[in-house]
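Take a look at the structure set out below.
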Amino acid sequence: MNRLFVQNLTVIDFSYFDAQRGIMGESWIVDIELQGELDDQGMVFDFGDVKKQIKQLIDTEVDHRFVISTQLKNLSIEQSQHKVRLNWDSQLGHFEHESPKDSVVLLDAKTVNTKSISKYLEDKILDVLPSNVTGVTLKLYEEQIEGAYYHYSHGLKKHLGNCQRIVHGHRSKIEIFENHKRSSELEDYWSACFRNIYIGTKEDVKKVLDINGKEHTSFCYTAQQGRFKLTLPSKRVHIIDTDSTVELIAAYIADQCLAKHPNNHYLVKAYEGVGKGAIAERK
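When you line the sequence shown up against numbering that gives the first Met the number 0, it's residues 0 to 282, in that order.
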């Protein structure tokens, strides 16, 4: 059997719901292996097509989307031609999500993990490949990070691409330098602040309400793709005054550090998923 492989084909940045931790931002690196017979060119599949066609499919199917297991307990799903509305109660509190259908993946699996997402994507990919390709194997995995990191979700209503979707996210490392020296103390502090968090913009808050004795925050905005709504427990929310681009997140962290110690110099290197991010410097 002939096999073709591509490592680091792409990175999937998305969010999913975890029954124990709530809405989770995640970033998974994608490796792919194709099995099959050689074609007339002596290839299983052209590398250029792998990087273009298959990467595009993966980006369309999962990247910057909110993945929900349809087998979640206490989950209700309402769908129309263009919209989907989700309601579910967990031990953490009540969650509601409403958006255009393309923002959500309804996954027929017990849990959302690398195995269930791999199976979902492998089936999709195999359907569009030529007949000489008989098998697809994906390896999805997290970046190996030494030091502090956090999982966060957000939505960027002004963005013209899929970042406007109200729930998508990232697993991101952070590096903070205080007076030109790396500060693991500050990195640990901010990774704890943003652990499993939803970073929301103040002007997008529709209301704060009590549901079953717990405070919840509701967000709502209209973007190019449509209207988006989200309600979740307030303890899972970190609200900032600005939009939540990685540039503004880095600036927010740097400003907060400087406010506590105005005579110090700070450099914040905030990542957005794998291998990209923003730097903010304050002194």
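Positions of the beta carbon are idealized from the N, C-alpha and C atoms, including for glycine.
Here the stretch 114 to 134 lies against the stretch 27 to 42, with 3 or more beta-carbon pairs under 8 Å apart. Comparing alpha-carbon positions, the option among Gly160, Leu128, Ile173 lying closest to Ala147 turns out to be Ile173. Using a C-beta cut-off of 8 Å, the stretch 150 to 160 makes contact with the stretch 189 to 208, since at least three inter-stretch Cβ pairs fall below that distance. The C-beta of Leu229 has 16 or more other C-beta atoms within 10 Å across all chains shown, which makes the residue buried. Across the structure, Arg226 and Lys100 are spaced so that their CA atoms are roughly 11 Å apart. Beta-bridge analysis with DSSP links Lys206 to Ser217. With respect to the 7 Å criterion, Tyr265 and Val111 are not classified as neighbours on the basis of their beta carbons. A distance below 7 Å separates the beta carbons of Ser233 and Thr216. Residue state for Ala250 is assigned as helix, using DSSP reduced to three classes.
The beta-bridge partner set that DSSP reports for Val267 consists of Ile175, Ala279. Assignment of alpha helix (DSSP H) within the stretch 74 to 128, counting only whole runs of 4 or more residues, yields 113 to 127 in chain order. Annotated three-state conformation of Ser130 is coil, per DSSP. Inter-residue distance for Gly24 and Phe44 is about 32 Å (C-alpha atoms, whole angstroms). For the set Val127, Asn262, Gln223, Leu106, the Cα lying nearest the Cα of Leu71 is the one of Leu106.
Burial check for Ile144: the Cβ neighbour count within 10 Å stays below 16, so the residue is exposed. For Ile124, same chain residues with a beta-carbon under 7 Å away, outside a window of 5 residues either side, are Ile53, Leu56, Val135 in chain order.
Within 10 angstroms of the beta-carbon of Lys109 lie fewer than 16 other beta-carbons, which makes it exposed.
Rounded to whole angstroms, His167 and Ile116 show a C-alpha spacing of 15 Å.
Across the set Gly41, Ser102, Asp88, Gly47, the C-alpha of Ser102 shows the shortest separation from the C-alpha of Phe13.
Only residues of its own chain outside the window of five on either side were considered, and among them Arg84, Lys100 have a CB closer than 8 Å to the CB of Gln78, listed in chain order.
Put simply, the backbone Cα of Gly276 is about 27 Å away from that of Gly47. If you look at Ser182, you'll find it isn't in any alpha helix (DSSP H); DSSP assigns it neither H nor E. Judged by their CB atoms, Ser68 and Asn86 are not nearer to each other than the 7 Å cut-off. Arg2 is classed as exposed because its beta carbon has fewer than 16 other beta carbons within 10 Å across all chains shown. Taken through DSSP and simplified to helix, strand or coil, Phe46 comes out as helix. His96 counts as buried, since no fewer than 16 other beta carbons sit within 10 angstroms of its beta carbon. Taking Asn161 as the centre and dropping the five residues before and after it, the same chain places the C-beta of His63 closer than 6 Å to its C-beta, in chain order.
Boundaries of the alpha helix (DSSP H) around Gln55: 54 to 60.
Looking only at Leu155, Met42, Leu257, Arg281, the smallest Cα-Cα distance to Phe4 is reached by Met42.
Around the beta carbon of Ala258, fewer than 16 other beta carbons lie within 10 angstroms, which makes this residue exposed.
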